[in-house]
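Start counting the sequence shown at 2; every next residue gets the next number (the numbering used here).
Heads up, the beta-carbon is just placed ideally off N, CA and C, and yes, glycines get one too.
The model shown is predicted, which means the values in this text are computed figures rather than measured ones.
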Amino acid sequence: MDTVFAQASAAIDELLEKAVTLKSGDMVVIGCSTSEVGGHMIGTSSSEEVAKAIMDAVLPKLREREIYLAVQCCEHLNRCLVVERECMEKYDLTQVWVRPQLHAGGAFAMQAIARFDDYVMVEDLKGKASAGMDIGGTFIGMHMHPVVVPIHAENKKIGSANVTMARTRPKYIGGPRAAYDDMPGPGK
Numbered sequence: 002m003d004t005v006f007a008q009a010s011a012a013i014d015e016l017l018e019k020a021v022t023l024k025s026g027d028m029v030v031i032g033c034s035t036s037e038v039g040g041h042m043i044g045t046s047s048s049e050e051v052a053k054a055i056m057d058a059v060l061p062k063l064r065e066r067e068i069y070l071a072v073q074c075c076e077h078l079n080r081c082l083v084v085e086r087e088c089m090e091k092y093d094l095t096q097v098w099v100r101p102q103l104h105a106g107g108a109f110a111m112q113a114i115a116r117f118d119d120y121v122m123v124e125d126l127k128g129k130a131s132a133g134m135d136i137g138g139t140f141i142g143m144h145m146h147p148v149v150v151p152i153h154a155e156n157k158k159i160g161s162a163n164v165t166m167a168r169t170r171p172k173y174i175g176g177p178r179a180a181y182d183d184m185p186g187p188g189k
């Protein structure tokens with residue numbers, strides 16, 4: 002679990018570094034297959050121990066920056082999410098009634114319930130997440146607002162799971178006479 006913690010810690014550090022427009026009050030979505038981290042097919046071997054190691058790595062760093070964490074559940078719960086009530090209210094999200102379990106929602110969602118001060122379940126994020134991390138092919142893109150920009154990360158694995166990350170930027174709008182301010186950071 003030390004390796005999983007270290008890899009997750011490095012990945013969240015890289016996301017926070019490269020998603021340069023993130024600020025206090027923004028939302029980061031994480032989808033995590035603990036099965037994939039452990040080297041198994043998604044949904045077949047959920048691990049509370051793996052979920053705990055990853056949550057130990059990411060949650061304190063997001064809280065330190067006052068960034069909301071949204072944790073995506075698995076497809077068995079239609080990829081609904083666990084968020085803090087304050088986040089739900091700020092972003093005008095729609096609450097739903099379900100409690101994630103090991104094989105319906107997933108171990109990482111269970112960790113969010115255990116760690117959040119006042120958790121609620123929401124149907125979706127209305128495309129309002131500003132950055133995200135997908136651990137093990139959980140498909141988080143639907144929760145991020147356009148335009149999603151991939152982060153070409155150095156940290157591509159947590160355990161055996163592939164890790165992809167993205168940030169967002171405003172849409173370009175206008176025609177041939179339009180001019181744009183420079184976007185901060187890598188990937189522009």
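- With respect to the 8 Å criterion, D119 and R66 are not classified as neighbours on the basis of their beta carbons.
- Residue environment: G32 is assigned as buried (16 or more neighbouring CB atoms within 10 Å of its CB, all protein chains considered).
- Taking D125 as reference, the option from S161, T22 and H146 with the minimal CA-CA separation is H146.
- Restricted to the stretch 83-137, the beta strand (DSSP E) segments that are unbroken, complete and at least 3 residues in length are 120-123 and 132-136, listed in chain order.
- In the DSSP assignment, P147 falls outside any beta strand (DSSP E), carrying neither H nor E.
- With 16 or more other Cβ atoms inside 10 Å of its own Cβ, T139 counts as buried.
- Closest in C-alpha terms to D57, from the list A132, A113 and A154, comes A113.
- Nearest to V149 by alpha-carbon distance, out of I136, T165, K157 and E18, is T165.
- Note on A115: under 16 other CB atoms within 10 angstroms of its CB, so exposed under the neighbour-count rule.
- Exclusion of the five residues before and after K172 leaves P147 and V148 as the residues of its chain whose Cβ lies within less than 8 Å of its Cβ.
- Counting along the chain, no alpha helix (DSSP H) covers R170, and no H or E run does either.
- Between the C-alpha atoms of A7 and G39 there is a straight-line separation of about 15 Å.
- Distance between L94 and L63, taken at the CA atoms: about 20 Å.
- For the options C88, A11 and T35, the alpha carbon positioned closest to that of F117 is the one of C88.
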